[in-house]
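Down below is the structure, laid out as structure tokens.
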Amino acid sequence: MSDPAAAGTASLLLAQPLGSVADVLFIAGVGLAGACLGLLADIFIKRALPRLAGSPTVRTGITTAAVTFALSALLAWRFGFSPELPAYIALAVAGVQLARVDFIHHLLPNRMVLPLLGAGLVLLGAAAGVSGEVGNLLRGIAGALILFVLYLFLALTSGNGLGMGDVKLAAPLGLYLGYLGWSHLFYGGAVGFVAGGVASTVLVLKNRGNKPKEVPYGPSMLAAGLAVILLLP
């Protein structure tokens, strides 16, 4: 006759791996979906902004898809099956494309930055409606305004190479960071600015003291923002 306690323990042990497998499949599936969305974003850029698309190599395409996959998978691990996840996947997909364009062309086009802001408002608004956390959305909107005004002030007064594209990118970043909390907004904005300064210094050293007229701050801002989103509770 079987022992009920032993049977229950065995069932629990069998259930745990299944849960882990389900989590892994979910994370991998979200990563794959993010990579596919990244490929669709490539097609959109080629059609809407052919001058910026250029002629990407196979290596560039694979690298872009791999980075988007990794970020999407990490965001799935961070947020789990939550209403906020689609919004942050959109940030990852658009962020990779924006970073690539800014790194190559030193440009953050309105036709990429403004849709990111609009998508963030819609997706985070829907998430706030589902979860009942409308305060998060209001904080995110306040964060967008705060970071936008701060970067505008820095661009006008510091003369450190910040462009209006960087200023406009600060708005969606502030929205996504502020939605999660004031600490996310503070650290995301501060680390992004510092990282951009470090990148500018590296470029100066690389060019033997001749500071380039345009510095791609966008990749640093996006990398810092996504890092804070992933790492800060």
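In UniProt numbering, the protein residues as written are 1 to 233.
Every residue gets a Cβ at the ideal spot worked out from N, C-alpha and C, and that includes glycine.
Note that the coordinates shown come from a computational prediction; the quantities given were computed from them, not determined experimentally.
Do you know offhand how far residue i's Cα is from residue j's?
| i | j | result |
| --- | --- | --- |
| residue 18 | residue 107 | Interpretation of residue 18 is limited by its pLDDT of 42, a score under 50 that renders its predicted location unreliable; no figure is taken from the coordinates. |
| residue 227 | residue 59 | 24 Å |
| residue 233 | residue 96 | 23 Å |
| residue 43 | residue 79 | 28 Å |
| residue 209 | residue 200 | Reliability fails at residue 209, whose pLDDT of 49 lies under 50, so the model's placement of it is uncertain and no value is given. |
| residue 184 | residue 23 | 26 Å |
| residue 26 | residue 132 | 25 Å |
| residue 115 | residue 109 | 10 Å |
| residue 38 | residue 65 | 6 Å |
| residue 35 | residue 46 | 17 Å |
| residue 63 | residue 195 | 22 Å |
| residue 157 | residue 89 | 34 Å |
| residue 21 | residue 50 | 42 Å |
Give me the Cβ distance between residue i and residue j, rounded to the nearest whole Å; I'm assuming they're in contact under 8 Å.
| i | j | result |
| --- | --- | --- |
| residue 178 | residue 142 | 6 Å |
| residue 91 | residue 120 | 7 Å |
| residue 252 | residue 94 | Outside the displayed range of the chain (1 to 233) lies residue 252, so it cannot be described from this structure. |
| residue 28 | residue 73 | 7 Å |
| residue 166 | residue 187 | Their Cβ separation, rounded to whole angstroms, is 18 Å, which puts residue 166 and residue 187 out of contact at 8 Å. |
| residue 168 | residue 134 | Not confirmed; about 26 Å, so no contact. |
| residue 174 | residue 224 | The pair is not a contact, with the Cβ atoms about 12 Å apart (cut-off 8 Å). |
Based on Cα-Cα distance, which residue from the options lies nearest to residue i?
| i | options | result |
| --- | --- | --- |
| residue 82 | 22, 197, 130, 117 | 130 |
| residue 164 | 224, 215, 67, 189 | 215 |
| residue 100 | 186, 88, 68, 118 | 68 |
| residue 140 | 128, 201, 151 | 128 |
| residue 221 | 46, 206, 176 | 176 |
| residue 180 | 219, 125, 39 | 125 |
| residue 202 | 190, 189, 217 | 217 |
| residue 33 | 76, 205, 162 | 76 |
| residue 102 | 162, 182, 189 | 162 |
| residue 137 | 182, 195, 205, 20 | 182 |
| residue 189 | 205, 20, 146 | 146 |
Return the chain-ordered list of same chain residues with a C-beta closer than 6 Å to the C-beta of residue i, the five sequence neighbours on each side being excluded.
| i | result |
| --- | --- |
| residue 171 | 117, 144, 148 |
| residue 31 | 69, 72, 73 |
| residue 230 | 74, 78 |
| residue 84 | 127 |
| residue 206 | none |
CB-CB under 7 Å to residue i, same chain, minus the five flanking residues each way: which ones, in chain order?
| i | result |
| --- | --- |
| residue 105 | 52 |
| residue 219 | 99, 102, 103 |
| residue 153 | none |
CB-CB under 8 Å to residue i, same chain, minus the five flanking residues each way: which ones, in chain order?
| i | result |
| --- | --- |
| residue 48 | 111 |
Next on the checklist: Which runs of the alpha helix (DSSP H) at least 4 residues long sit entirely within the UniProt domain "Prepilin type IV endopeptidase peptidase" (92 to 198)? Give them in chain order.
Outcome noted: With a minimum length of 4 residues, the continuous alpha helix (DSSP H) runs that stay inside the UniProt domain "Prepilin type IV endopeptidase peptidase" (92 to 198) are 110 to 131, 134 to 157, 164 to 180.
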